[in-house]
Amino acid sequence: MGRGTAVYKDTMFDMGVRAQVRIGEYVLVHGARIICDDLLEIGNYTLISWRVVLMDTYRLPLDPLKRRYVLEHASQFKSRRLEGDVPAEPIRIRDNVWIGFDACVLPGVTIGEGSVVGARSVVTEDVPPYTIVAGNPARVIRCLDKGGINHAL
Numbered sequence: 619m620g621r622g623t624a625v626y627k628d629t630m631f632d633m634g635v636r637a638q639v640r641i642g643e644y645v646l647v648h649g650a651r652i653i654c655d656d657l658l659e660i661g662n663y664t665l666i667s668w669r670v671v672l673m674d675t676y677r678l679p680l681d682p683l684k685r686r687y688v689l690e691h692a693s694q695f696k697s698r699r700l701e702g703d704v705p706a707e708p709i710r711i712r713d714n715v716w717i718g719f720d721a722c723v724l725p726g727v728t729i730g731e732g733s734v735v736g737a738r739s740v741v742t743e744d745v746p747p748y749t750i751v752a753g754n755p756a757r758v759i760r761c762l763d764k765g766g767i768n769h770a771l
């Protein structure tokens, strides 16, 4: 965790044995749920609003028969975590990003520098730098003027 970073008390980390979470400087994580089996990178000057879910793995197989097997044997797991045979894909959140409340960022997504994710959005694909995305699935709503933003900073 970088200098000036705050992770509020309602934030939950659900980490796999090989999970890595890297958080930059001046980041605010406000009551998020972080599910990480591989890698989560959060750049500098980033706001993760309350009830955001960042998950680099689905944990359960997408195949219904495999998922059924895992669920039928869930009570035998020694830990509280469901462990499926599902690979994780890193999430990368670049500098100066704002993720609105109750948004969900799914495995393999990169959110570009200077971008904003609208409240309650579900991010399934990469977000280009300096854009606003919103919706389910999240779509580009507007492009931001990079020059104006850099001048203000």
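Throughout the sequence shown, residue numbering follows our numbering, covering 619 to 771 in sequence.
Ideal Cβ placement from N, Cα and C applies to all residues, glycine included.
For the pair of segments examined, the region 711-722 was found to touch the region 666-683: the number of CB pairs separated by less than 8 Å reaches three.
For R686, the enclosing alpha helix (DSSP H) has its first and last residue at P682 to E690. Proximity to V625 across Y676, K684, T675 and L646 peaks at L646, based on C-alpha coordinates. Residue environment for E690: exposed (fewer than 16 other C-beta atoms within 10 angstroms of its C-beta).
Annotation: R710 to Q694 spans about 34 Å, alpha carbon to alpha carbon.
Per DSSP, the beta bridge partners of L658 are V639 and I709.
When the five nearest sequence neighbours on each side are left out, the beta carbons in the same chain lying within less than 8 Å of the beta carbon of D744 are those of V727, T728, I729 and G730, in order along the chain. Separation of the CB atoms of D713 and Y663 is rounded to 6 Å, and the pair is thereby assigned contact status at 8 Å. The Cβ-Cβ distance between G732 and P747 falls below 8 Å. In the DSSP assignment, R651 is bridged to M630 and V671.
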